[in-house]
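Novice:
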Amino acid sequence: MSGRVAIVTGAASGLGRAIAFRYSSEGAAVICADIRETTKYGASEEETRGTTHDRINEAGGHAVFVSTDVTNPVSVENLVDRAVEGFRKVDVVVNNAGVALESTNPQPVWDMPLEMWEKEQMINSTGVFLGTKYAARQMMRQDVVGPNGDRGWIINIASILGHVGTNNMTSYCASKGAVINFSRAAALDCAEHGIHVNSVGPGYTTSSQTELAFGDEKRRAQLQGKHPFRGLGQPDDIARACVFLASDDAQWVSGVYLPVDGCYTAR
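The sequence shown: position 173 = 173 (UniProt numbering), numbered continuously.
1. Identify, in the order they occur along the chain, each residue of the same chain with its Cβ nearer than 6 Å to the Cβ of Pro73, setting aside the five sequence neighbours on each side.
2. What does DSSP give as the partner residue(s) for Asn156 in the beta ladder?
3. Going by other Cβ atoms of all chains shown within 10 Å of its Cβ, with 16 needed for buried, is Pro235 buried or exposed?
4. Going along the chain, which unbroken runs of the alpha helix (DSSP H) with 4 or more residues stay wholly within the region 105 to 186?
5. Since Asn95 and Asn156 are thought to touch, with beta carbons under 8 Å apart, how far apart are those beta carbons, to the nearest angstrom?
6. Could you give the distance in angstroms between the alpha-carbon of Thr9 and the alpha-carbon of Trp252?
7. Can you give the Cα-Cα distance for Ser171 and Val92, rounded to whole angstroms?
8. Return yes when the Cβ of Glu102 is within less than 7 Å of the Cβ of Met1, no when it is not.
9. For His193, tell me which candidate among Val145, Thr166, Ala185, Met140 has the shortest Cα-Cα distance.
10. Please classify Arg49: is it buried, with 16 or more other beta-carbons within 10 angstroms of its beta-carbon, or exposed?
11. Under a Cβ-count criterion, where at least 16 other Cβ atoms within 10 Å of its own Cβ denotes burial, should Glu120 be classed as buried or exposed?
12. Under 8 Å, with one C-beta from each stretch per pair, do the region 97 to 113 and the region 74 to 89 reach the 3-pair mark?
13. Ends of the alpha helix (DSSP H) at Cys242?
14. Could you tell me the boundaries of the alpha helix (DSSP H) in which Ser25 lies?
15. Should Ile160 and Tyr264 be called a contact, given that it needs their Cβ atoms to be closer than 7 Å?
16. Taking all protein chains shown into account, decide if Gly262 is buried (16 or more other Cβ within 10 angstroms of its Cβ) or exposed.
17. Would you kindly report the start and end of the unbroken beta strand (DSSP E) that includes Val74?
18. With a threshold of 7 Å on Cβ separation, who are the neighbours of Thr38 within its own chain once the five nearest residues in sequence on each side are excluded?
19. Rounding to the nearest angstrom, what Cα-Cα distance links Gly231 and Met116 in this structure?
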């Protein structure tokens, strides 16, 4: 990824932070986008060691932070414009920002408040739509990158729960299912322009946000057992998949949903 410019939303913590770190280690300049520079969740020990962009710069990489509300089209368009102003192009966009409101407040469908449903769809689904829309617009204006005629790589973070359901999380499952099929349709729109669009389906991974969902040790053990291959994942497991999807090794990969889940969905 040397010489490439990547935007990562939800970069303050969790998967977004890991993706930003991994992209930087692979040579990319990274625009770290989030509502705030630090997580609003109880930060892990690692996350107390500095903001994502500061950590990248201290390690010799190149990163900036842009405050972004992924549900606001003006804010998302500004994010892409800021990236172009600072780095002259946008090669990769990872639409990672998301919430799982039912993880700490589970609701059966008959009790699901409309407000919860609408908020989750706005962040998880509309946020991905806006990120893809403005990324694709910019990438279409750019010259091709490398010998394959590529103009850009868009990676949308879905979830295994967009592929299979679970009880008491209808809104989250719906929002992530939308990401998966939206990404397939967007890939068809973008194919003739040399823009890859793929989605990734993380299994349960350990982060400051997901720790809230694990609850007690019994719940954690149950989730561990649902991932036959090495149990719960780490954020960097997802980040490595995102590197592949933004690399020349994935030159003929677009419209794909890639589960990274330790065999969760293999049953």
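Here a beta-carbon is modelled for each residue, glycine too, at the ideal position from N, C-alpha and C.
Specialist: Here's the rundown:
1. Once the five neighbours on either side are set aside, the close Cβ partners of Pro73 are Leu130.
2. Among the bridge pairs identified by DSSP, Asn156 is matched with Asn95, Ser199.
3. By the neighbour-count definition (other C-beta atoms within 10 Å, threshold 16), Pro235 is a buried residue.
4. Unbroken alpha helix (DSSP H) stretches of 4 residues or longer found wholly inside the region 105 to 186: 114 to 121, 127 to 141, given in chain order.
5. 5 Å between Cβ atoms; contact.
6. Each residue's Cα considered, the two are about 25 Å apart.
7. Each residue's Cα considered, the two are about 28 Å apart.
8. Against a cut-off of 7 Å, the Cβ pair of Glu102 and Met1 comes out as no contact.
9. Of all alpha-carbon atoms in Val145, Thr166, Ala185, Met140, the one lying nearest the alpha-carbon of His193 is that of Met140.
10. Arg49 should be labelled exposed.
11. Flag for Glu120 reads buried.
12. Segments in contact, no.
13. Membership of Cys242 in the alpha helix (DSSP H) is indicated by the continuous run 235 to 245.
14. Segment 14 to 25, the alpha helix (DSSP H) holding Ser25.
15. Against a cut-off of 7 Å, the Cβ pair of Tyr264 and Ile160 comes out as a contact.
16. It is buried - the Cβ of Gly262 has at least 16 other Cβ atoms within 10 Å.
17. For Val74, no beta strand (DSSP E) segment is defined; the enclosing uninterrupted segment is the alpha helix (DSSP H) at 73 to 87.
18. Take Thr38, set aside five residues on each side of it, and the residues of its chain with a beta-carbon closer than 7 Å to its own are Ala12, Thr51, in chain order.
19. Going by the C-alpha atoms only, they are around 30 Å apart.
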